Amino acid sequence: MAESAAGQAAAAMLAERDAIQANLLELDGGFTRRLLDGAALTGQTRERWDAVSATLAGLWETYLAYSGVVDRVAELGTGPHRPAKKDLPELDSLLTGPSVRMARGTVPLARRNLSDTGIHAVTLTGAVAAMRRSFSEVAEVTSAVETVWAQVGERLDAAAAELAAGLPRAAGLGEELETALHDAQASLQATRAAVNADPLRLWSGGRVDTAAADLVREQVAGLSARIADLDRVRSQARRRIDGLTAAVTAARAARADAVTAWQRAAQRIAALPPLPPDIAEPPLDSLAALAAAGRWPALATELDRCDGALAADVRQTEECGRSAAAGLANRDELRGLLGAYKAKAARLGVAEDPDLVTSYGQARDLLWTAPCDLSAAAAAVAGYQRAINATTTREGGRR
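Mind the numbering: the sequence shown is residues 44 to 442 in our numbering, read in order.
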């Protein structure tokens with residue numbers, strides 16, 4: 044190997060060694076690796092990390108042997124007046140021959156040679172290739188763990204923050220909520236402990252299984268909503284109770300108006316739907332007692348029940364008013380139809396036909412009799428219409 048080529052090769056080898064050293068230091072000093080070293084690992088992660096830790100130790104051993112050879116190459120091949128001609132054979136041997144002595148992996152005794160020292164020599168290129176494989180193996184595990192911890196940790200941190208924000212408002216909201224809070228905190232801690240101990244259990248096919256963390260976050264979100272609801276009940280208890288009282292008063296007044304309208308309609312229309320039931324007074328004493336005792340979940344449930352019952356009563360009242368109005372409207376519509384049919388009979392010159400006079404009289408009596416039987420009146424008006432059509436046809440046939 045010529046002096047200039049050997050010098051260039053030595054310089055390139057030195058630069059490569061510096062890059063390898065920088066990457067190894069970054070890998071070895073990485074936060075994830077230090078966490079893994081100090082963690083009480085279990086399951087898949089413990090198995091993988093034990094194996095990778097041995098790989099990392101072997102990687103440093105290889106690097107130290109490789110670096111020693113590179114230092115000798117640098118000594119011989121760089122600097123002023125380097126390399127010397129007399130050093131070229133050694134330099135060439137170091138650069139191209141099996142100059143790096145590496146520890147071989149453990150060989151089972153049955154396959155071991157009696158004189159095997161457990162050491163084998165490789166070229167600098169071979170040493171770099173071996174270190175590259177080991178580096179990739181270690182980095183793959185640390186990268187996977189870092190990804191799992193980041194994605195799952197993000198969800199758990201969000202749940203923890205949401206839980207912490209809800210804790211001050213949850214004080215005094217009842218034992219049921221306190222139990223739910225305890226359960227949520229236990230789920231959060233258990234999930235975090237599991238992912239810290241065995242993150243690789245959640246790593247498969249390059250993807251992170253976040254189902255458990257998502258479930259915890261949903262649990263906390265539901266609990267936070269419940270805390271907000273109960274806190275709102277607590278802060279608005281007096282206002283809600285007063286609002287319920289006012290709503291009941293307004294509903295009872297509306298019912299009184301609806302009853303009056305129904306009674307007026309019932310004098311004119313037969314068989315109206317029955318009156319709605321009376322609207323009960325709100326249980327103010329029991330609501331106040333629940334508030335005074337700080338039983339906010341029970342108060343919220345009771346207020347919701349009262350609101351629902353009142354809404355049902357209001358709907359019945361409104362339906363009663365609509366039924367009364369509809370009955371009168373139907374009667375008036377039938378009266379209008381009867382008048383229109385009579386006018387038609389007069390235009391056709393058959394109004395005085397005895398059968399039509401009788402049919403008209405029957406329909407009119409039903410419509411102007413109180414209370415009016417709408418079904419019978421509607422049938423009579425329809426009968427009068429059919430009688431007009433029949434009479435018209437009969438008279439046309441005579442002509």
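Where a beta carbon is used, it is the ideal one built from N, C-alpha and C, also for glycine.
Computed from a predicted model, the values in this text were never measured in an experiment.
Span of the beta strand (DSSP E) around residue i
i	result
V143	143-146
Host alpha helix (DSSP H) of residue i (start-end)
i	result
V181	167-213
K385	339-391
E319	The question names Glu, but residue 319 is Pro in the sequence shown. Here P319 belongs to no alpha helix (DSSP H), and DSSP marks it neither H nor E.
G72	First-last for G72: undefined, no H or E at that position.
G217	Premise fails: G217 is in no alpha helix (DSSP H) and is neither H nor E.
D408	397-410
P132	131-139
D328	327-335
Reduced DSSP category for residue i - H, G, I as helix; E, B as strand; rest coil
i	result
A164	strand
V150	Bear in mind that a pLDDT of 47 at V150, under 50, signals an unreliable position, so the model cannot answer this.
M56	helix
Residues of its chain near residue i, where Cβ-Cβ distance is below 8 angstroms and the 5 sequence neighbours each way are ignored
i	result
A367	A301, A304, W305, R307, A308, A309, I312, L315
T190	W246, V251
R212	I270, A271, D274
L399	A388, V393, Y427, A430, I431, T434
L409	C415, D416, A419, A420, A423
L206	L224, A227, Q228, L231, V263, L266, S267
A294	I322, L353, D356, V357, T360
Contacting residues, own chain, Cβ-Cβ under 7 angstroms from residue i (five flanking each side not counted)
i	result
A421	L377
T75	T185, V188, E189
A202	L231, V259, R260, V263
G73	T185
A256	V195, R198, L199, T234
P242	T88, V188, V191, W192
A65	none
P325	L287, T288, V291, C349
G86	D241, R244
S402	G426, Y427, A430
Cutoff 6 angstroms; reference residue i; Cβ partners in own chain excluding five residues on either side
i	result
V150	Residue placement at V150 is poorly supported in this model, since its pLDDT is 47, which falls under 50; the coordinates are not used for a value here.
V238	V195
D130	L119
Which parts of the segment 247-315 are runs of the alpha helix (DSSP H), unbroken and 4 residues or longer, counting only runs that do not cross its ends?
-> 254-278, 280-311
Using 8 angstroms as the threshold, is the segment 348-365 in touch with the segment 331-340, meaning 3 or more CB pairs across them?
-> no
Please determine if the segment 105-114 and the segment 52-67 are in contact, where contact requires at least 3 C-beta pairs separated by less than 8 angstroms.
-> yes
Is it true that the segment 216-223 meets the segment 265-276, where meeting means three or more beta-carbon pairs spaced less than 8 angstroms apart?
-> yes
Quick check: the segment 225-237 against the segment 276-291, are there 3 or more CB pairs under 8 angstroms?
-> no
Pair every Cβ in the segment 172-180 with every Cβ in the segment 232-242, then say whether three or more of these pairs are closer than 8 angstroms.
-> no
Within the chosen definition, does the segment 162-178 reach the segment 138-146 through at least 3 CB pairs nearer than 8 angstroms?
-> yes
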